[in-house]
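Chemist: My questions all concern the structure below.
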Amino acid sequence: MHIKINADITLREIKNIFSAHYPNLKLAFYKTPHEIFEASDECNRYPCDIKLRELKDGPLEGIINIQPKEKIADLERDFQVRFGLPAQVLVKEHGLWTQTTGMDSFTLREANELSKNDSDEFLVEDYDEGFDEEME
4 MHIKINADIT
14 LREIKNIFSA
24 HYPNLKLAFY
34 KTPHEIFEAS
44 DECNRYPCDI
54 KLRELKDGPL
64 EGIINIQPKE
74 KIADLERDFQ
84 VRFGLPAQVL
94 VKEHGLWTQT
104 TGMDSFTLRE
114 ANELSKNDSD
124 EFLVEDYDEG
134 FDEEME
(Lines of atoms letter the chains of each structure in order from A; the text may use other names.)
(Lines give C-alpha, C1' and ligand atoms only; values in the text may rest on other atoms or scores of the structure.)
Protein backbone atom coordinates (compact mmCIF):
# COMPACT_ATOMS: atom_id res chain seq x y z
CA MET A 4 0.00 0.00 0.00
CA HIS A 5 1.13 3.56 -0.51
CA ILE A 6 -0.08 7.00 0.48
CA LYS A 7 0.51 9.94 -1.83
CA ILE A 8 1.55 12.85 0.36
CA ASN A 9 1.05 16.44 -0.74
CA ALA A 10 0.61 19.83 0.88
CA ASP A 11 -3.19 19.72 0.66
CA ILE A 12 -3.73 16.32 2.28
CA THR A 13 -5.16 16.38 5.79
CA LEU A 14 -3.91 14.23 8.62
CA ARG A 15 -7.36 12.63 8.71
CA GLU A 16 -6.99 11.52 5.07
CA ILE A 17 -3.60 9.94 5.81
CA LYS A 18 -5.04 8.20 8.87
CA ASN A 19 -8.09 6.93 6.95
CA ILE A 20 -5.99 5.45 4.14
CA PHE A 21 -3.75 3.73 6.68
CA SER A 22 -6.69 2.37 8.70
CA ALA A 23 -8.40 1.07 5.56
CA HIS A 24 -5.44 -1.30 5.14
CA TYR A 25 -4.79 -1.88 8.84
CA PRO A 26 -8.26 -1.72 10.42
CA ASN A 27 -7.00 -2.66 13.88
CA LEU A 28 -4.35 0.06 13.98
CA LYS A 29 -4.48 3.85 14.02
CA LEU A 30 -2.00 6.62 13.26
CA ALA A 31 -1.57 9.74 15.35
CA PHE A 32 0.63 12.72 14.51
CA TYR A 33 2.45 14.94 17.00
CA LYS A 34 4.27 18.27 17.17
CA THR A 35 7.46 16.81 18.65
CA PRO A 36 9.48 13.74 17.60
CA HIS A 37 10.04 10.74 19.84
CA GLU A 38 12.70 8.07 20.12
CA ILE A 39 12.13 4.38 19.50
CA PHE A 40 10.17 2.73 22.34
CA GLU A 41 9.21 6.21 23.61
CA ALA A 42 5.72 7.66 23.95
CA SER A 43 4.57 10.98 22.55
CA ASP A 44 2.89 13.50 24.81
CA GLU A 45 -0.85 13.49 24.06
CA CYS A 46 -1.07 17.27 24.59
CA ASN A 47 1.19 17.62 21.51
CA ARG A 48 -1.12 15.67 19.18
CA TYR A 49 -2.12 17.50 16.00
CA PRO A 50 -5.84 17.85 15.21
CA CYS A 51 -7.00 15.57 12.38
CA ASP A 52 -8.43 18.18 10.04
CA ILE A 53 -5.20 20.14 9.62
CA LYS A 54 -3.51 20.14 6.20
CA LEU A 55 0.20 19.47 5.88
CA ARG A 56 0.78 22.93 4.39
CA GLU A 57 -0.35 24.37 7.73
CA LEU A 58 2.34 22.38 9.56
CA LYS A 59 5.40 22.52 7.35
CA ASP A 60 7.12 24.92 4.98
CA GLY A 61 8.67 23.86 1.73
CA PRO A 62 7.88 21.03 -0.63
CA LEU A 63 5.60 18.33 0.74
CA GLU A 64 5.32 15.85 -2.07
CA GLY A 65 6.05 12.17 -2.06
CA ILE A 66 4.77 8.67 -1.67
CA ILE A 67 5.12 6.68 1.50
CA ASN A 68 5.11 2.94 0.90
CA ILE A 69 3.76 0.88 3.77
CA GLN A 70 4.28 -2.87 3.80
CA PRO A 71 2.87 -5.47 6.24
CA LYS A 72 6.40 -6.66 7.11
CA GLU A 73 7.57 -3.13 7.91
CA LYS A 74 8.39 -2.52 11.55
CA ILE A 75 6.39 0.09 13.43
CA ALA A 76 9.54 2.05 14.30
CA ASP A 77 10.53 2.20 10.61
CA LEU A 78 7.15 3.56 9.54
CA GLU A 79 7.19 6.18 12.31
CA ARG A 80 10.76 7.18 11.37
CA ASP A 81 9.80 7.38 7.68
CA PHE A 82 7.04 9.93 8.41
CA GLN A 83 9.48 11.92 10.59
CA VAL A 84 12.49 11.92 8.26
CA ARG A 85 10.73 12.32 4.92
CA PHE A 86 7.91 14.67 5.89
CA GLY A 87 8.92 16.15 9.26
CA LEU A 88 5.82 14.57 10.74
CA PRO A 89 6.25 12.74 14.05
CA ALA A 90 3.90 9.74 14.05
CA GLN A 91 2.80 7.03 16.44
CA VAL A 92 1.03 3.81 15.57
CA LEU A 93 -1.71 2.92 18.04
CA VAL A 94 -3.10 -0.52 18.92
CA LYS A 95 -6.03 -1.61 21.01
CA GLU A 96 -5.03 -2.95 24.41
CA HIS A 97 -7.74 -3.92 26.87
CA GLY A 98 -10.25 -2.06 24.72
CA LEU A 99 -8.32 1.25 24.67
CA TRP A 100 -6.18 2.78 21.92
CA THR A 101 -2.59 3.05 23.14
CA GLN A 102 0.73 4.02 21.60
CA THR A 103 2.89 1.12 20.49
CA THR A 104 5.91 2.17 22.54
CA GLY A 105 6.81 -1.37 23.62
CA MET A 106 5.95 -2.80 20.21
CA ASP A 107 8.13 -0.65 17.96
CA SER A 108 10.04 -3.74 16.79
CA PHE A 109 6.80 -5.52 15.75
CA THR A 110 5.72 -5.53 12.12
CA LEU A 111 2.50 -3.80 11.12
CA ARG A 112 0.98 -7.19 10.36
CA GLU A 113 1.86 -8.51 13.84
CA ALA A 114 0.53 -5.40 15.58
CA ASN A 115 -2.65 -5.45 13.51
CA GLU A 116 -3.27 -9.10 14.47
CA LEU A 117 -2.56 -8.46 18.15
CA SER A 118 -4.93 -5.52 18.16
CA LYS A 119 -7.59 -7.61 16.38
CA ASN A 120 -7.15 -10.38 18.92
CA ASP A 121 -7.58 -7.87 21.73
CA SER A 122 -10.96 -6.91 20.30
CA ASP A 123 -11.90 -10.59 19.94
CA GLU A 124 -10.84 -11.22 23.54
CA PHE A 125 -13.32 -8.63 24.78
CA LEU A 126 -16.10 -10.22 22.76
CA VAL A 127 -15.33 -13.58 24.34
CA GLU A 128 -15.13 -12.05 27.83
CA ASP A 129 -18.47 -10.30 27.31
CA TYR A 130 -20.02 -13.52 26.09
CA ASP A 131 -18.59 -15.51 28.99
CA GLU A 132 -19.82 -12.96 31.50
CA GLY A 133 -23.33 -13.09 30.05
CA PHE A 134 -23.24 -16.86 30.03
CA ASP A 135 -22.25 -16.99 33.71
CA GLU A 136 -25.12 -14.68 34.65
CA GLU A 137 -27.62 -16.97 32.92
CA MET A 138 -26.28 -19.97 34.84
CA GLU A 139 -26.99 -18.41 38.24
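Start counting at 1 in the sequence shown, then tack on 3, and there's your number in this note's numbering. Idealized CB from N, CA, C, for every residue including glycine.
What are the uninterrupted segments assigned as beta strand (DSSP E) that are 3 or more residues long and contained completely in the stretch 53-132, given in chain order?
Modeler: Within the stretch 53-132, the complete beta strand (DSSP E) runs of at least 3 residues are 65-68, 90-96 and 99-102.
Chemist: Where GLU45 and LEU88 are concerned, what is the direct C-alpha to C-alpha distance, given to the nearest angstrom?
Modeler: Counting from one through the sequence shown, the residue named residue 45 turns up at place 42. Counting from one through the sequence shown, the residue named residue 88 turns up at place 85. Going from the Cα of GLU45 to the Cα of LEU88 covers about 15 Å.
Chemist: For ILE67 versus LEU111, is the C-beta distance shorter than 8 Å?
Modeler: Numbered from 1 along the sequence shown, position 64 holds the residue referred to as residue 67. Numbered from 1 along the sequence shown, position 108 holds the residue referred to as residue 111. No. Outside cutoff.
Chemist: With 16 as the cutoff for other CB atoms within 10 Å, does ALA23 come out buried or exposed?
Modeler: Indexing the sequence shown from 1 puts residue 23 at position 20. Result: exposed.
Chemist: State the CB to CB distance for the pair SER118 and ASN19, rounded to an integer number of angstroms; the pair is presumed to be in contact (CB under 8 Å).
Modeler: As a first step, residue 118 must be located in the sequence shown, where it is residue number 115. As a first step, residue 19 must be located in the sequence shown, where it is residue number 16. Not quite, the Cβ-Cβ distance comes to about 17 Å (not below 8 Å), so this is no contact.
Chemist: Near MET36, what residues of its chain come up, given a Cβ to Cβ distance below 6 Å and the 5 sequence neighbours on each side ignored?
Modeler: Stepping through the sequence shown from its first residue, residue 36 is reached at position 33. Here residue 36 turns out to be Pro, not Met, going by the sequence shown. For PRO36, where only same-chain residues beyond five positions count, the Cβ hits under 6 Å are GLN83 and PRO89.
Chemist: Going by the beta-carbon positions, is the gap between ARG48 and TYR33 smaller than 8 Å?
Modeler: Here residue 48 refers to the residue found at position 45 when the sequence shown is read from its first residue. Here residue 33 refers to the residue found at position 30 when the sequence shown is read from its first residue. Taking 8 Å as the Cβ cut-off, ARG48 and TYR33 qualify as a contacting pair.
Chemist: Just the Cα atoms here: how many angstroms apart are SER43 and VAL92?
Modeler: Here residue 43 refers to the residue found at position 40 of the sequence shown. Here residue 92 refers to the residue found at position 89 of the sequence shown. Rounded to whole angstroms, SER43 to VAL92 spans 11 Å at the Cα level.
Chemist: Judging by CA-CA distance, which residue of GLU16, LEU58, LEU30 and LYS72 is the nearest neighbour of PHE86?
Modeler: In the sequence shown, residue 86 corresponds to position 83, counting from 1. Closest by alpha carbon: LEU58.
Chemist: Would you identify the three-state DSSP class for LYS34, choosing helix, strand or coil?
Modeler: Walking along the sequence shown from the start, residue 34 turns up at place 31. Here LYS34 sits in coil by DSSP.
Chemist: Out of LYS29, GLU113, PHE109 and ILE12, which one is the CA nearest neighbour of THR101?
Modeler: Position 98 of the sequence shown, counted from the first residue, corresponds to residue 101. Nearest C-alpha to THR101: LYS29.
Chemist: In three-state terms, what does DSSP make of ILE20?
Modeler: Against the sequence shown, residue 20 aligns to sequence position 17. Residue state, collapsed to three classes: helix.
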